[in-house]
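The listed protein sequences derive, respectively, from chains U and Y.
With UniProt numbering applied, the first sequence corresponds to residues 1 to 572, in that order.
With UniProt numbering applied, the second sequence corresponds to residues 1 to 572, in that order.
Number of protein chains: 2
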Amino acid sequence: MKTYLQNVNAMLLLRRCHRLNPIGPLSIDRNQVAPVVASCAVRLCSSSNDQRFHQYGFSASWRHVLAGLLAGTGAVLAYGLHRHKAIEKSSPLPIISQEEVTRHRSLKDGVWVTYQGGVYDITEFVSIHPGGEKIMMAAGGAIEPFWSLYAVHNQEHVLEILSEYKIGELKAEDLKKQSTFKSSDPYSSDPERHPALRTNSLKPFNAEPPPEILADSYITPTAFFFKRNHLPVPQVDPDLYRLHVEGLPRGVLTLSLEELKTRFPKHTITATLQCAGNRRSEMNKTRQVKGLNWGFGAIGNATWSGAKLRDVLLAAGYGPDVAQWARHVQFEGLDKEITGSAYGASIPINKAVSEEGDVLLAYEMNGKDIPADHGFPIRVVVPGVVGTRNVKWLGKIVVSAQESSSHWQQKDYKGFAPGIDWDTVDYKSAPAIQELPVQSAITTPAEGSVIDRSEEMLTVKGYAWSGGGREVIRVDVSVDGGKTWKEAKLKSSDKEGDQTSPPLGRAWAWKLWEITVPLPPEAQELELICKAVDNSYNTQPDTFGPIWNVRGLLSNAWHRVKVKISEDDDEE
Amino acid sequence: MKTYLQNVNAMLLLRRCHRLNPIGPLSIDRNQVAPVVASCAVRLCSSSNDQRFHQYGFSASWRHVLAGLLAGTGAVLAYGLHRHKAIEKSSPLPIISQEEVTRHRSLKDGVWVTYQGGVYDITEFVSIHPGGEKIMMAAGGAIEPFWSLYAVHNQEHVLEILSEYKIGELKAEDLKKQSTFKSSDPYSSDPERHPALRTNSLKPFNAEPPPEILADSYITPTAFFFKRNHLPVPQVDPDLYRLHVEGLPRGVLTLSLEELKTRFPKHTITATLQCAGNRRSEMNKTRQVKGLNWGFGAIGNATWSGAKLRDVLLAAGYGPDVAQWARHVQFEGLDKEITGSAYGASIPINKAVSEEGDVLLAYEMNGKDIPADHGFPIRVVVPGVVGTRNVKWLGKIVVSAQESSSHWQQKDYKGFAPGIDWDTVDYKSAPAIQELPVQSAITTPAEGSVIDRSEEMLTVKGYAWSGGGREVIRVDVSVDGGKTWKEAKLKSSDKEGDQTSPPLGRAWAWKLWEITVPLPPEAQELELICKAVDNSYNTQPDTFGPIWNVRGLLSNAWHRVKVKISEDDDEE
Numbered sequence: 001m002k003t004y005l006q007n008v009n010a011m012l013l014l015r016r017c018h019r020l021n022p023i024g025p026l027s028i029d030r031n032q033v034a035p036v037v038a039s040c041a042v043r044l045c046s047s048s049n050d051q052r053f054h055q056y057g058f059s060a061s062w063r064h065v066l067a068g069l070l071a072g073t074g075a076v077l078a079y080g081l082h083r084h085k086a087i088e089k090s091s092p093l094p095i096i097s098q099e100e101v102t103r104h105r106s107l108k109d110g111v112w113v114t115y116q117g118g119v120y121d122i123t124e125f126v127s128i129h130p131g132g133e134k135i136m137m138a139a140g141g142a143i144e145p146f147w148s149l150y151a152v153h154n155q156e157h158v159l160e161i162l163s164e165y166k167i168g169e170l171k172a173e174d175l176k177k178q179s180t181f182k183s184s185d186p187y188s189s190d191p192e193r194h195p196a197l198r199t200n201s202l203k204p205f206n207a208e209p210p211p212e213i214l215a216d217s218y219i220t221p222t223a224f225f226f227k228r229n230h231l232p233v234p235q236v237d238p239d240l241y242r243l244h245v246e247g248l249p250r251g252v253l254t255l256s257l258e259e260l261k262t263r264f265p266k267h268t269i270t271a272t273l274q275c276a277g278n279r280r281s282e283m284n285k286t287r288q289v290k291g292l293n294w295g296f297g298a299i300g301n302a303t304w305s306g307a308k309l310r311d312v313l314l315a316a317g318y319g320p321d322v323a324q325w326a327r328h329v330q331f332e333g334l335d336k337e338i339t340g341s342a343y344g345a346s347i348p349i350n351k352a353v354s355e356e357g358d359v360l361l362a363y364e365m366n367g368k369d370i371p372a373d374h375g376f377p378i379r380v381v382v383p384g385v386v387g388t389r390n391v392k393w394l395g396k397i398v399v400s401a402q403e404s405s406s407h408w409q410q411k412d413y414k415g416f417a418p419g420i421d422w423d424t425v426d427y428k429s430a431p432a433i434q435e436l437p438v439q440s441a442i443t444t445p446a447e448g449s450v451i452d453r454s455e456e457m458l459t460v461k462g463y464a465w466s467g468g469g470r471e472v473i474r475v476d477v478s479v480d481g482g483k484t485w486k487e488a489k490l491k492s493s494d495k496e497g498d499q500t501s502p503p504l505g506r507a508w509a510w511k512l513w514e515i516t517v518p519l520p521p522e523a524q525e526l527e528l529i530c531k532a533v534d535n536s537y538n539t540q541p542d543t544f545g546p547i548w549n550v551r552g553l554l555s556n557a558w559h560r561v562k563v564k565i566s567e568d569d570d571e572e
Numbered sequence: 001m002k003t004y005l006q007n008v009n010a011m012l013l014l015r016r017c018h019r020l021n022p023i024g025p026l027s028i029d030r031n032q033v034a035p036v037v038a039s040c041a042v043r044l045c046s047s048s049n050d051q052r053f054h055q056y057g058f059s060a061s062w063r064h065v066l067a068g069l070l071a072g073t074g075a076v077l078a079y080g081l082h083r084h085k086a087i088e089k090s091s092p093l094p095i096i097s098q099e100e101v102t103r104h105r106s107l108k109d110g111v112w113v114t115y116q117g118g119v120y121d122i123t124e125f126v127s128i129h130p131g132g133e134k135i136m137m138a139a140g141g142a143i144e145p146f147w148s149l150y151a152v153h154n155q156e157h158v159l160e161i162l163s164e165y166k167i168g169e170l171k172a173e174d175l176k177k178q179s180t181f182k183s184s185d186p187y188s189s190d191p192e193r194h195p196a197l198r199t200n201s202l203k204p205f206n207a208e209p210p211p212e213i214l215a216d217s218y219i220t221p222t223a224f225f226f227k228r229n230h231l232p233v234p235q236v237d238p239d240l241y242r243l244h245v246e247g248l249p250r251g252v253l254t255l256s257l258e259e260l261k262t263r264f265p266k267h268t269i270t271a272t273l274q275c276a277g278n279r280r281s282e283m284n285k286t287r288q289v290k291g292l293n294w295g296f297g298a299i300g301n302a303t304w305s306g307a308k309l310r311d312v313l314l315a316a317g318y319g320p321d322v323a324q325w326a327r328h329v330q331f332e333g334l335d336k337e338i339t340g341s342a343y344g345a346s347i348p349i350n351k352a353v354s355e356e357g358d359v360l361l362a363y364e365m366n367g368k369d370i371p372a373d374h375g376f377p378i379r380v381v382v383p384g385v386v387g388t389r390n391v392k393w394l395g396k397i398v399v400s401a402q403e404s405s406s407h408w409q410q411k412d413y414k415g416f417a418p419g420i421d422w423d424t425v426d427y428k429s430a431p432a433i434q435e436l437p438v439q440s441a442i443t444t445p446a447e448g449s450v451i452d453r454s455e456e457m458l459t460v461k462g463y464a465w466s467g468g469g470r471e472v473i474r475v476d477v478s479v480d481g482g483k484t485w486k487e488a489k490l491k492s493s494d495k496e497g498d499q500t501s502p503p504l505g506r507a508w509a510w511k512l513w514e515i516t517v518p519l520p521p522e523a524q525e526l527e528l529i530c531k532a533v534d535n536s537y538n539t540q541p542d543t544f545g546p547i548w549n550v551r552g553l554l555s556n557a558w559h560r561v562k563v564k565i566s567e568d569d570d571e572e
């Protein structure tokens, strides 16, 4: 809340300042809030003729304002700064040696990096780097190996930002020496993937299946299950693998893979996992968001077998005493950042220890050892909960009073109001996403398909799922852009006519659905829409605009597909 | 499913029949399906020249079709029949004695009733009466006492239907004798109510507070808590009161009020109850629905104290053995229909026995004995679950493998697709509503308010709540019809700045919210909108059309309020 107010203050300050003494471009856009406020602040602090600022303790609060503006911001603010800089520079660029670059490794001496033969002074950028102080690791050296690990940087606007900091060209002989970086690609041992997958990012690997195959099989074939990795796939020797369970009074419990498989009963569940960014590309069309441009295939349904997390926690000493203070169960992956810190996430303790929560330490996916891309040898499967908390390559479990402090728990997978932008976002103001909202999509026909009029009937198919174990009870389909709706037939398995319902609150798996409707006689184009209803009668919002959020998460408005109807030439 | 198919069959039959031999009005509307199909059927059965009907076993399936059409239908079909009859009648009406009326008490002799001095032959109507065979209890007598109990009949379209069956006038002296009925009003001992309440139905009593007071108090004063009674308020002597717990292996456990209060720990929760029909009037504007025309005040927040249902069930013998087969806990009220059968509902067993489900057998509301209108002496409070399952005047608890067989569980509180109408509805196809979806409304300013431009700022207030213990984490407010959104400030109590969160999954109480925004300088009218987001990131649908359902339940699209801005004359 504080940061929100601070931002409001900053805005008010900005408006007031603008009135006092307009600077820079006459029309101030949001991206330029930071530099404009900064200039304004300097003037006000040195020569303020507006007593009200002193009255409200302006200079102290100014620091807060700036801190507030910078906390949790990102490239957007950076944009503002680099545009400001751009105005100042215009001279030709000198040749600089690696030795000289290496001397610039601190804020005091300046922070220089190299990229593809260019030398960049990013000193000013350090404090506003969205990834925080990690950027200092690159100081004095090449930035490529970091970007090959954090491939999020491989975007045009990042290069644009960097280009504004360019101060010279690296000596040709020094550039040649950098070729060694190429052989140290941390992704070089990533597994082979099926070429049918649509790759959104190669390093780390993020890919989804062609969506039209999704509704053809109740269980998604492992090869086509979407892959969402945040870091390189770790190489784990199953014989050396150890899982550490920490935070309980009895001390650390360490389990081998064999022990996990033999000491605890094996449970199997069918559960759908969905990335929080599934269908982001549709939200992105409303207004640009940040993140991988997922279609509607970042979802899949598999069987998972393993030990119940509950059983393991009980064996490790979880009990009523622990329940008094424990609030979260944190997971750490064996996939590591360049800093050595692991991928991490946490879930609420009551989900973890509930008999009906069905959280598994899974060693099998679709009846086979979990493959490398999906977390070999152990993945936490937290059914009903967003993909990101289903930590792969699980190395450590920590029972805690606190949520995971990881970037992904604290500063990434959260939802915000549509009015919140990168300059006003306050990650503390929103809870980490756990259960996902109700979702559905049309997998066939595909967008832009042409239907032959002579076919008379049209079959529409898709998937539907809701988080928190809430069962999808209905899918409504419209072929006229939402004017009228028909109920689709739901499938809970590949068996014809199977109408079995899961236990209440434990509907972890999606439903596939299908409906065959007559082609409207007049229409030349149809807008197909689907929307699902779950058993708490929640339904999907109509449009993306009002659920838009900066990170493009939770994108669950109605799915719309346009198809054309071609007239059959043979008809009279 | 069967009924749906049967209706489809009926439609196909109708279409075919229409082609063979058009009858009655040339344009056939849905309301007239029944009589048209009936005439058609007679013709086809007697002289069918269409061999296909015989081929498909037509005469047998016809009976199914008719059964299907009549099951779960209502006044809409009745309309069709009475319009059909209207064409046939035109002669003056005879005077008929009560003695003569009394001779008509069976389908064989005819079913006659009297109403306000008129005599009606409703023989044809009996089989399509929405309330089923109960109507036969009125045969040969006056219908007023039944309608005073089932006040749903006090609607214009019901009188319209009845009028078409009029066959005579009751003898004046017999009419006088009927005045005795007036003294037997089963609602005569209903309690006094606050005159500020807005009454939607007097008998049974259904009323809501003026909505603008709702957000003024975190705890809704009991007098202003919406009242939703299905039947007359029963008079219960607390000393004679007994609660029966049945269905468990140890036999029936009977508890006095005193035992309930002393044998079990007293728990207090703050929980919001909402009628499934809250905000029906808004959905009704899209397309007419059936039910009480609730505004947005059929919701309230109170503290409830009592024994945990879980504790009582454990004392009555609930345990792992019972858990093997038990699926539901049924509740019966002491409020009774004229048939003697009690108001009833059920909830899933896992909600009932969960430590975190917080289901109470409440004897206090807002710190005092639960008043008569709210269930004295005991009301089940099922937090997070639709009002109708929070059975008042609780008389009996039954642990069962089955849901309650009551009308309200089986044939009333369910949601359907917008394409489903009274002629296609199949109550078996949808689950009984339990958890409600996310909801919010603007309580101030009121629709049509005029805001003075000189006020510069506008404060918007309201409530937000979600079912299933899901906490409302955000309310977005728009003052420009949904183009832009601002986040409102949430309140979890009346204490200033209170930001405490309930335990995860146990957010039973609503949040009040408030936001103050500058008046847009140009606008002369504002469309205010609110929408809430809960912690599974479900949100409200944009519009009512796509969530429309025949019963007008689950009406949770964005709440929209239009206000005008008046220009201040004093301004230059």
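Every residue, glycine too, gets a C-beta built ideally from N, C-alpha and C.
Which residues in chain Y sit within 8 Å of residue i, going by Cβ to Cβ distance?
{"i": "Ile547/U", "result": "Thr539"}
Taking C-alpha atoms, which residue in the options lies nearest to residue i?
{"i": "Val398/Y", "options": "Val391/Y, Asn350/Y, Gln330/Y, Glu364/Y", "result": "Gln330/Y"}
{"i": "Leu436/U", "options": "Ala464/U, Lys411/U, Ser429/U", "result": "Ala464/U"}
{"i": "Phe376/U", "options": "Pro249/U, Pro234/U, Pro503/U, Gly481/U", "result": "Pro234/U"}
{"i": "Glu246/Y", "options": "Ala316/Y, Leu197/Y, Lys308/Y, Ser256/Y", "result": "Ala316/Y"}
{"i": "Val322/U", "options": "Pro518/U, Val353/U, Thr199/U", "result": "Val353/U"}
{"i": "His328/Y", "options": "Trp422/Y, Asn301/Y, Asn350/Y, Cys530/Y", "result": "Asn350/Y"}
{"i": "His129/U", "options": "Val550/U, Leu162/U, Trp393/U", "result": "Leu162/U"}
{"i": "Lys564/Y", "options": "Ser536/Y, Pro211/Y, Leu528/Y", "result": "Leu528/Y"}
{"i": "Tyr218/U", "options": "Asn301/U, Leu273/U, Thr199/U", "result": "Asn301/U"}
Are any of the Cβ atoms in chain Y nearer than 8 Å to that of residue i?
{"i": "His559/U", "result": "no"}
{"i": "Gly482/U", "result": "yes"}
{"i": "Val550/U", "result": "no"}
{"i": "Val438/U", "result": "yes"}
Strictly below 9 Å CB to CB, what residues from chain Y border residue i?
{"i": "Glu487/U", "result": "Tyr4, Phe416, Ala417, Gly419, Ile420, Ser429"}
Taking 8 Å as the CB-CB limit, is residue i close to chain U?
{"i": "Asn350/Y", "result": "yes"}
{"i": "Asp109/Y", "result": "no"}
{"i": "Ile433/Y", "result": "yes"}
Taking just the CA atoms, how far does residue j sit from residue i?
{"i": "Thr222/Y", "j": "Arg506/Y", "result": "23 Å"}
{"i": "residue 575/U", "j": "Ser127/U", "result": "The structure shown has nothing for residue 575/U, since chain U only spans 1 to 572."}
{"i": "Glu455/Y", "j": "Ala441/Y", "result": "23 Å"}
{"i": "Arg250/U", "j": "Gly340/U", "result": "27 Å"}
{"i": "Gly545/Y", "j": "Phe296/Y", "result": "18 Å"}
{"i": "Ala139/U", "j": "Leu159/U", "result": "17 Å"}
{"i": "Met137/U", "j": "Gly384/Y", "result": "50 Å"}
So with CB distances below 7 Å, who are the chain Y contacts of residue i?
{"i": "Gly467/U", "result": "Ser536"}
Next item on the list: Would you check if there are 3 or more beta carbon pairs closer than 8 Å linking the region 274-292 of chain U to the region 544-562 of chain U?
Entry: The region 274-292 of chain U vs the region 544-562 of chain U: in contact.
Check: Counting pairs of beta carbons, one from the region 208-223 of chain U and one from the region 355-372 of chain U, are three or more of them closer than 8 Å?
Finding: Short answer: they touch.
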